[in-house]
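**Student:** Below is one structure. I have some questions about it.
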Amino acid sequence: MLQGKSLPMDFLVMKLSLCWICAIVVAVYAESPFAVQWSEKTYGPDGPWHAVSVELGSSKQAVDLYPGDRWASTILIDTVCSDTSTTCYAKRGGLFNINASDTANTLQTPNDTSQLTWLSDQTAAGVNTWGGVGHVKEGVLADKITFKNGLSVPSVSMASIYKANQTFTANGKEYPVTLGTLSLGGTKPTHVVQGNTFNLVSAWAHWNRSSSQRIPSYSWGMHIGSVEPDIPGSLVLGGYDQSRVLNEVSTQQVDPDSNLGALKIYFKDIGMGVATGDSPFDFEAKSSLFKTGTSNTTRGATVEIKPVLPYLYLPRETCDAMAANLPITYNEDLNLYFWNTSDDSYQQITSSPAYMSFVFGKSTSNSQNLTVKVPFQLLKLTLQEPLVEKNTTYFPCYPSDTLVLGRAFLQAAFISVNWGNGTGNGEWSLAQAPGPAIGTGSQRDIGVNDESLTASKNSWEASWDGYWEPLSSKASIDQPESSSGLSTGAKAGIGIGCAVVALGLIGLIAWLCIKRRKGSDNAQSSMGQYDSIQPISHDGTRSVGPSELNNETLNELHSDKSVHEVPGASSVRHELS
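Using the working numbering, you'd call the opening residue of the sequence shown number 161 and step up by one each time.
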């Protein structure tokens, strides 16, 4: 009987054990967003910019990359620095030695990479991955990418760059490149190159069943932040940080005209304004700065958002319209605008709550707008060697016929992409991002079928509080026009003082006159009939003595009426001024 009764207990123990095992398995393989680690280094020569840290190949070689590319990641190979006669700026971010990785897969790449032909590396914007017009010696590569906080993705599609340069339009001088890029996906779950199927990071992290770090969807959310002021970057695979999404969100399809998955949106206008305090301009707000061609009117156009490009690629007419209101000058050699840092208005504009506003059609609607504000504090970037001989502060408007908003814009904007089921469609979102006072992060999932994101209730203005310097009223800043340089209050004080002195002089003169008259009267009394010349009262019955006459006259001179009328006279104040 005892043995028979022990069977249910054994069964219960076994059942509980199985439940614990299942719970552990579920916990290990639970889907949750993955936050990518950012590098402690920052990069130029046209930033500084944040980058993410990864490890490449079986040997886990540390490399920093600019995130946000599509399809193949761009990886700089160590041969980029084979020319020892020049400084290799790319070395600082890490270069990949293919021969040191047992898992590297190269396609049709000769052992002697000098045999590779130079290829034009240009996008539709007329620039390459690094910002200028470029040429590369490029191969096809696939290898493992390991993120520093755990996730590892095998056989990731890459473009291997053996040699590269960029040339800015006017001076024709070649400049070396500095950093590669990290692709986060595409419209399909894999990248097929020359008949070979390679992985895309976010897709593999979502669909691979063997991964212990599966993400909820084929998606990502990012705010690249800024270096100066310090706004840490945020990149979440399969989700987003809700604290980086402020106010309204615009959600639209990825570019339906091709399978490339470009992030395009209808762009309506550019303006200038100030969030709080006085304006550093001679206006409170200005709009209609987005101009194309010879037209003086604002016309909407489609713009692409591209995190791996640095500048604001806009029509020359638009850049010039901005320049007309800013202390900046066009530099023909680099096709950029330099800040005049010695101009008195420069400091006021770049340290105050002044901003540029970028107006978009919200969620493919022409009747609703989404506005992203970029403080001028984020638009005073630095050019360094090899682009310039000494550090130069510049404004990142790059005249271009094709419209692209790059990292300069994305310092203040949040973007996310949901590729859905990877069938060629997908949606992406754009929203205002916060300033340095971000607050506590709040990680949220992006579901496969999610069509929108939930913004936080945080205030954009509050996220900048303490990091900008509102201008006080112009009355307290500007000195009044005066040759003496005296303030209005000082002038008023002097006017009152002079009036009091004038009254004193009048009283003294009156007293002297009365005294002199009394002396004259006394003298006449001693020489003639005194009674015959005494003043007579109005009724003719009583003589008025000298003391009464003096009292009447003195009281009238010192009456309150006289004191108030003299300093109140406007003529006195005007003369003093």
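Glycine residues also receive a C-beta, built at the ideal position from the N, C-alpha and C atoms.
Can you check DSSP and say which residues form a bridge with Val-577?
**Tutor:** Mapped onto the sequence shown, residue 577 falls at position 417. Paired residues: Trp-380 and Trp-588.
**Student:** If you drop the 5 nearest sequence neighbours on each side, which residues of the same chain put their C-beta closer than 6 Å to that of Ser-742?
**Tutor:** The chain is shown only over 161 to 737; residue 742 falls outside these bounds and no answer can be derived.
**Student:** Using a threshold of 9 Å, state whether the C-beta atoms of Ser-320 and Leu-360 are closer than that.
**Tutor:** Working through the sequence shown from its first residue, we reach residue 320 at position 160. Working through the sequence shown from its first residue, we reach residue 360 at position 200. Contact flag unset, no.
**Student:** Quick check for students: name the residue ranges of the alpha helix (DSSP H) that lie wholly in the region 466-535, counting only runs of 4 or more.
**Tutor:** Those alpha helix (DSSP H) runs which fall completely within the region 466-535 and span 4+ residues are 476-483 and 504-511.
**Student:** Quick one: residues in its chain with C-beta nearer than 7 Å to the C-beta of Asp-238, no 5 flanking neighbours on either side, listed in chain order?
**Tutor:** Numbered from its first residue, the sequence shown carries residue 238 at position 78. Once the five neighbours on either side are set aside, the close Cβ partners of Asp-238 are Leu-255, Phe-256 and Asn-257.
**Student:** Give me the residue from Phe-427, Gly-582, Leu-216 and Thr-436 with the minimum Cα distance to Thr-452.
**Tutor:** Counting from one through the sequence shown, the residue named residue 452 turns up at place 292. Looking at the Cα atoms, Phe-427 is the closest of the given residues.
**Student:** Going along the chain, which unbroken runs of the alpha helix (DSSP H) with 4 or more residues stay wholly within the region 391-419?
**Tutor:** Correct list: empty.
**Student:** I'd like to know if the region 572-592 and the region 368-382 are in contact, where contact means that at least 3 CB-CB pairs between them fall below 8 Å.
**Tutor:** A contact exists between the region 572-592 and the region 368-382.
**Student:** For a quick check, are the C-beta atoms of Ser-502 and Glu-629 less than 9 Å apart?
**Tutor:** Translated into the one-based positions of the sequence shown, residue 502 becomes position 342. Translated into the one-based positions of the sequence shown, residue 629 becomes position 469. In this structure, Glu-629 does not lie closer than 9 Å to Ser-502 by Cβ.
**Student:** For Ala-461 and Gly-433, what's the separation of their Cα atoms in angstroms?
**Tutor:** Taking the first residue of the sequence shown as 1, we reach residue 461 at position 301. Taking the first residue of the sequence shown as 1, we reach residue 433 at position 273. Approximately 22 Å, taken between the alpha carbons.
**Student:** Can you find the residues in the same chain that come closer than 6 Å, C-beta to C-beta, to Gly-393, ignoring five residues on each side of it along the sequence?
**Tutor:** For the purposes of this step, residue 393 is identified with residue 233 of the sequence shown, where counting begins at 1. Once the five neighbours on either side are set aside, the close Cβ partners of Gly-393 are Trp-198, His-210, Ile-384 and Gly-385.
**Student:** How about Ile-375 and Gly-346: do their beta carbons lie closer than 9 Å?
**Tutor:** On the sequence shown, residue 375 is found 215 positions in, with the first residue counted as 1. On the sequence shown, residue 346 is found 186 positions in, with the first residue counted as 1. No, they are not a contact pair.
**Student:** Mind checking Ser-527: buried by the 16 CB within 10 Å criterion, or exposed?
**Tutor:** Residue mapping note: residue 527 aligns to position 367 of the sequence shown, counting from 1. Classification for Ser-527: exposed.
**Student:** State buried or exposed for Pro-467, treating a residue as buried only when at least 16 other CB atoms are found within 10 Å of its CB.
**Tutor:** Counting from 1 along the sequence shown, the entry for residue 467 is found at position 307. Buried is the call here.
**Student:** Looking at the unbroken beta strand (DSSP E) that takes in Ser-320, where does it start and where does it end?
**Tutor:** Walking along the sequence shown from the start, residue 320 turns up at place 160. First-last of the beta strand (DSSP E) with Ser-320: 312-327.
**Student:** Could you give the DSSP three-state label for Ala-195: helix, strand or coil?
**Tutor:** Start at 1 with the first residue of the sequence shown, and residue 195 comes out as number 35. DSSP places Ala-195 in strand when its eight states are reduced to three.
**Student:** Got a sec, what are the start and stop residues for the alpha helix (DSSP H) His-366 sits in?
**Tutor:** Residue 366 sits at position 206 when you count from the first residue of the sequence shown. Where His-366 is concerned, the enclosing alpha helix (DSSP H) stretches over 361-367.
**Student:** Assuming Ile-804 and Pro-440 are in contact, meaning their beta carbons sit under 8 Å apart, how far apart are those beta carbons, in whole angstroms?
**Tutor:** Nothing about residue 804 can be reported from this structure: the residues present for the chain run from 161 to 737 only.
**Student:** Starting from Phe-111, trace the alpha helix (DSSP H) both ways and give me its first and last residue.
**Tutor:** Absent from the structure is residue 111, since the part of the chain shown begins at 161 and ends at 737.
**Student:** Which class does Asp-453 belong to by DSSP, given the choice of helix, strand or coil?
**Tutor:** Taking the first residue of the sequence shown as position 1, residue 453 is located at position 293. This sequence places Gly at residue 453; Asp is not what is there. The answer is coil: DSSP assigns Gly-453 none of H, G, I, E or B.
**Student:** Which two residues bound the contiguous alpha helix (DSSP H) that contains Asn-621?
**Tutor:** Indexing the sequence shown from 1 puts residue 621 at position 461. For the sequence presented, residue 621 should be read as Glu rather than Asn. Per DSSP, Glu-621 belongs to the alpha helix (DSSP H) from 620-624.
**Student:** In terms of residues, what are the limits of the beta strand (DSSP E) holding Lys-304?
**Tutor:** Residue mapping note: residue 304 aligns to position 144 of the sequence shown, counting from 1. Residues 293-307.
**Student:** Let me confirm a value: Glu-298 is counted as buried when at least 16 other C-beta atoms fall within 10 Å, else exposed. Which label applies?
**Tutor:** Stepping through the sequence shown from its first residue, residue 298 is reached at position 138. So Glu-298 counts as buried.
**Student:** So the beta strand (DSSP E) Glu-215 belongs to, where does it begin and stop?
**Tutor:** What you label residue 215 is simply residue 55 of the sequence shown in a count that begins at 1. Here the beta strand (DSSP E) through Glu-215 covers 212-216.
**Student:** So, helix, strand or coil for Ala-250, using DSSP?
**Tutor:** Here residue 250 refers to the residue found at position 90 when the sequence shown is read from its first residue. Of the three classes helix, strand and coil, the one that applies to Ala-250 here is helix, per DSSP.
**Student:** Give the single residue among Ser-633, Trp-499 and Thr-542 whose Cα lies nearest to the Cα of Glu-388.
**Tutor:** Start at 1 with the first residue of the sequence shown, and residue 388 comes out as number 228. Answer by Cα proximity: Thr-542.
**Student:** For Phe-569, collect the residues of the same chain with a Cβ closer than 8 Å to its Cβ; drop the 5 residues on either side in sequence, then sort them by chain order.
**Tutor:** In the sequence shown, counting from the first residue as 1, residue 569 sits at position 409. Excluding positions up to five away in sequence, the list reads Ile-465, Leu-472, Phe-518, Val-532 and Val-534.
**Student:** According to DSSP, what are the bridge partners of Val-463?
**Tutor:** By 1-based counting over the sequence shown, the position of residue 463 is 303. Paired residue(s): Ile-425.
**Student:** What separation, rounded to the nearest whole angstrom, lies between the Cα atoms of Lys-308 and Leu-449?
**Tutor:** In the sequence shown, the residue the question calls residue 308 occupies position 148. In the sequence shown, the residue the question calls residue 449 occupies position 289. About 43 Å.
**Student:** Taking the beta strand (DSSP E) that Ala-222 belongs to, which residues open and close that run?
**Tutor:** As a working mapping, residue 222 is identified with position 62 in the sequence shown. Start and end: 221-229.
**Student:** If Phe-520 and Leu-469 are in contact, beta carbons under 8 Å, what's the gap, nearest whole angstrom?
**Tutor:** Position 360 of the sequence shown, counting from 1, holds the residue named residue 520. Position 309 of the sequence shown, counting from 1, holds the residue named residue 469. The Cβ separation is near 18 Å, so there is no contact.
**Student:** Can we say the region 539-558 touches the region 487-507, given the rule of at least three CB pairs closer than 8 Å?
**Tutor:** Yes, since at least three Cβ pairs between the region 539-558 and the region 487-507 fall closer than 8 Å, the two stretches touch.
**Student:** Do you know whose CA, among Lys-201, Phe-358, Leu-339 and Arg-459, lies nearest Cys-248's CA?
**Tutor:** Residue numbering aside, residue 248 sits at position 88 when the sequence shown is read from its first letter. Answer by Cα proximity: Leu-339.
**Student:** How many Å lie between Ser-612 and Thr-411 at the Cα?
**Tutor:** Taking the first residue of the sequence shown as position 1, residue 612 is located at position 452. Taking the first residue of the sequence shown as position 1, residue 411 is located at position 251. Each residue's alpha carbon lies about 6 Å from the other.
**Student:** Pick out whichever of Asn-581, Asn-618, Pro-594 and Ser-623 has its Cα sitting closest to the Cα of Ser-377.
**Tutor:** For the purposes of this step, residue 377 is identified with residue 217 of the sequence shown, where counting begins at 1. Selected option, being the one with the closest Cα: Asn-581.
**Student:** Only counting the same chain, and skipping five residues up and downstream in sequence, which positions put a Cβ closer than 6 Å to that of Gln-592?
**Tutor:** For the purposes of this step, residue 592 is taken as residue 432 along the sequence shown, with counting starting at 1. Result list for Gln-592: Leu-406, Asn-407, Val-532 and Trp-620, in chain order.
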